[in-house]
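Enquirer:
In full-length UniProt numbering, the protein residues as written are 1 to 259.
1) Take the Cβ of residue 149 as the centre, count every other Cβ of all protein chains shown within 10 Å, and call the residue buried at 16 or more, exposed below.
2) How many Å lie between residue 116 and residue 209 at the Cα?
3) Tell me whether residue 196 is buried or exposed, calling it buried when 16 or more other Cβ atoms sit within 10 Å of its Cβ.
4) Exposed or buried, residue 152, counting other C-beta atoms within 10 Å across all chains shown (16 or more means buried)?
5) I'd like to check one pair, residue 206 with residue 34: are the Cβ atoms closer than 8 Å?
6) Sorted by chain position, which residues of the same chain lie with C-beta nearer than 7 Å to residue 132's C-beta, five sequence neighbours on each side aside?
7) Just the C-alpha distance for residue 126 and residue 135, rounded to the nearest angstrom, thanks.
8) Can you find the residues in the same chain that come closer than 6 Å, C-beta to C-beta, to residue 73, ignoring five residues on each side of it along the sequence?
9) Can you tell me whether residue 143 is buried or exposed, with buried defined as 16 or more other CB within 10 angstroms of its CB?
10) Can you list, in chain order, the stretches of the beta strand (DSSP E) that have 3 or more residues and sit fully within the stretch 47–127?
11) Closest to residue 90 by C-alpha separation, out of 185, 217, 64, would be which residue?
12) Based on Cα-Cα distance, which residue from 215, 221, 188 lies nearest to residue 257?
13) Kindly list the residues whose CB is nearer than 8 Å to the CB of residue 38, restricted to its own chain and excluding five residues on each side of it in sequence; keep chain order.
14) Could you pull out every residue in the same chain whose Cβ sits closer than 7 Å to the Cβ of residue 94, ignoring the five residues on either side in sequence?
15) By DSSP's criteria, residue 208 is part of a beta bridge. Which residues make up the other side?
16) For residue 226, report the span of its alpha helix (DSSP H) as first-last.
17) My assumption, with CB atoms under 8 Å, is that residue 52 sits in contact with residue 17. Please give the rounded CB distance.
18) Skipping 5 residues on each side, what residues in its chain have a beta carbon closer than 8 Å to that of residue 186?
19) Given a cut-off of 8 Å on the beta-carbon distance, is the pair residue 220 and residue 59 in contact?
20) Please give the ranges of any beta strand (DSSP E) in the stretch 115–202, keeping only runs that are unbroken, at least 3 residues long and fully inside the region.
21) Could you compute how far the alpha carbon of residue 171 sits from the alpha carbon of residue 3?
22) Would you list the residues sitting across from residue 241 in a DSSP beta bridge?
23) Out of curiosity, what's the CA-to-CA distance linking residue 68 and residue 21?
24) Report the rounded CA-to-CA distance for residue 158 versus residue 101, giving the unit in angstroms.
25) Taking the C-alpha atoms as reference points, what is the distance between residue 92 and residue 229?
26) So, helix, strand or coil for residue 22, using DSSP?
27) On the three-state DSSP scale, how would you describe residue 11?
Shown next, in the form of C-alpha cells:
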C-alpha cells in the first residue's frame, strides 16, 4: 500500500485531504519531493481526465508538506494542442508546493533530433552492486532500490549517478513513476561540499522526452550533475535513462546547500 498512501486520498474534486502512513515517504520534516510532486500531478490528472499527454512540469517546493492538506488545481489555458494546468498543495493555510504542468498533443514532426547517447555507460543494472541498502532517509530505505552506476566515491566531479527503481510500482502509470522517482538522487554538488551539512531542493523542472516511457524490471538510470555551485546554492541538471540507455527525462533543479 506504499503508492496507494500517496494517491488514494486524491479525488477529482480536490479540496481537503488527509494522507495516512506517510512516515516511510518523509525526508526530514517534510514529504519527499518526488512524492509531493506526484500528489500535485495526480490532483491535476484526476480533475481533468481528457488532457493530452504530459510534456513538462515545473515544481516549486515552497515549504514543508505534511499529512493534512488542501489540494487546489485549475486549467490556466487550454488551446487546440496544449493545455497548461496549475496545481498546489496547501498546509495550515499556506502554500507548500506549487506546480505548473504542460500537456500537449502529438503533431506531425517538423524537427527530429534524438538526445545524445550517454557517456560512460555503466553497464546493466542487473550486474551492478547495491548501494544505500537500509541506509539514508526514510523515503529511500522504504521505497527504493539503488545500485552503483559510477566508480567515483566521495569527493570529486560533482555528479551522482545511480540505477534506481521503486520497490512497489503496482498501479502506477509510467509517467507518474518518473515523477515519483525523478528527484530521488542527492545533488551532484554533494561531492564538492567542503564539509557535511543539510541540503534542500527548492524547485524542479523537467521535460519528458517520451510520453510513454518504458524500461526493464523497473530500472532507471538517474543522474544529478552540478553545473554551478556558489553562495549556498547549486544549479543541477537532472536526467533519467531507461535500462537500454534511452534518455526519457531532462530536468533542472536549484538546491540549497547549507552548513
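Note that beta-carbon positions come from the ideal geometry of N, C-alpha and C, so glycine has one too.
Expert: Inspection of the coordinates gives the following:
1) By the neighbour-count rule (16 or more Cβ atoms within 10 Å), residue 149 is buried.
2) Cα-Cα distance, rounded: 12 Å.
3) Its Cβ having fewer than 16 others within 10 Å, residue 196 is exposed.
4) By the 10 Å Cβ count, residue 152 comes out exposed.
5) Not a contact, by the Cβ cut-off of 8 Å.
6) If you ignore the 5 residues before and after residue 132, its C-beta comes within less than 7 Å of the C-beta of 140, 146, all in its own chain and listed in chain order.
7) Our two residues, residue 126 and residue 135, have alpha carbons roughly 20 Å apart in a direct line.
8) Excluding positions up to five away in sequence, the list reads 14, 43, 44, 47, 87.
9) Label assigned to residue 143: buried.
10) If only uninterrupted beta strand (DSSP E) runs of at least 3 residues are considered, those enclosed by the stretch 47–127 are 54–61, 68–78, 82–91, 94–104.
11) In terms of Cα proximity to residue 90, the closest of 185, 217, 64 is 64.
12) With respect to the C-alpha of residue 257, the residue from 215, 221, 188 having the closest C-alpha is 188.
13) Only 6, 7, 176, 179, 180 meet the Cβ criterion.
14) Within the same chain, residue 94 has close Cβ partners 63.
15) Residue pairing by DSSP places residue 208 opposite 249 in a beta bridge.
16) No alpha helix (DSSP H) holds residue 226; the beta strand (DSSP E) holding it covers 220–230.
17) Residue 52 to residue 17, Cβ: 26 Å. No contact.
18) Apart from the 5 residues on each side of it in sequence, residue 186 sits with its Cβ closer than 8 Å to the Cβ of 160, 199, 224 in its chain, given in chain order.
19) No.
20) Runs of the beta strand (DSSP E) inside the stretch 115–202: 144–148, 159–166, 199–201.
21) C-alpha separation (whole angstroms): 8 Å.
22) DSSP output for residue 241 lists 221, 247 as bridge partner(s).
23) Taking the straight line joining both Cα atoms gives about 12 Å.
24) Distance between the alpha carbons of residue 158 and residue 101 is about 29 Å.
25) Cα to Cα, residue 92 sits roughly 33 Å from residue 229.
26) Three-state result, residue 22: coil.
27) Shown here, residue 11 sits in coil according to DSSP, grouped into three states, outside any helix or strand.
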